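First comes the structure, then the notes that go with it.
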Amino acid sequence: MVDLSQYLPILIFLAIALAMSAAFVFLPMGVSRLTGTHNPTANKLTEYECGFPAFEDSRSQFDVRFYLVAILFIIFDLEAAFLFPWAVSLDLTGWAGWVTMMIFLFELIIGFAYAWKTGALEWE
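Its first residue numbered 1, the sequence shown is counted upward by one per residue in UniProt numbering.
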């Protein structure tokens with residue numbers, strides 16, 4: 001039989017977190033309705049981008065280069081995220097860890113060269 005009383009502090013923590021997050025979301029909305037500051041007008045309900053009225057429809061398609069640059073950024077950002085823990089634990093992983101990371105970096109260099117050669121990094 002499992003003693004579930006060990007999980008009671010976690011359950012209390014989750015209940016308090018849920019109550020506080022609900023209070024932070026719904027309490028300001030309720031106070032604004034009660035105090036009269038909730039007064040939507042046509043100007044308040046219009047959409048804007050960086051303080052300017054929207055130039056086009058918000059459903060317009062973006063150029064695929066935006067997505068490509070974002071994906072390349074994520075890939076090379078993850079490389080940095082893997083390099084720091086590897087460098088810290090290099091004395092524990094030894095040569096096997098070093099060789100594995102060199103293979104990983106070699107694959108990333110090949111991917112970077114391919115992206116460069118195909119023009120994925122150029123913006124015209």
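C-beta atoms are modelled at their ideal positions from N, C-alpha and C, and glycine is treated no differently. These figures come from a predicted structure and were not determined experimentally.
Using only the alpha-carbon positions, how far apart do residue i and residue j sit?
| i | j | result |
| --- | --- | --- |
| I74 | I103 | 19 angstroms |
| L45 | T37 | 15 angstroms |
| residue 125 | L105 | As shown, the chain starts at 1 and ends at 124. That puts residue 125 outside it, with no answer to give. |
| F76 | L108 | 8 angstroms |
| L27 | L14 | 19 angstroms |
| L34 | I16 | 25 angstroms |
| V99 | W86 | 11 angstroms |
| L11 | W95 | 45 angstroms |
| S32 | G111 | 53 angstroms |
| F82 | M1 | 41 angstroms |
| L4 | M101 | 43 angstroms |
| L8 | Y67 | 45 angstroms |
| V25 | E47 | 22 angstroms |
| G97 | A23 | 48 angstroms |
| S21 | R59 | 32 angstroms |
| A80 | V88 | 13 angstroms |
Please look up how many angstroms separate the CB atoms of residue i and residue j, rounded, as I've assumed it's under 8 angstroms.
| i | j | result |
| --- | --- | --- |
| A113 | L72 | Not a contact, Cβ separation roughly 13 angstroms. |
| R65 | W123 | 7 angstroms |
What residue from the options has the CA that sits closest to residue i's CA?
| i | options | result |
| --- | --- | --- |
| T118 | M101, V69, Y7 and F84 | V69 |
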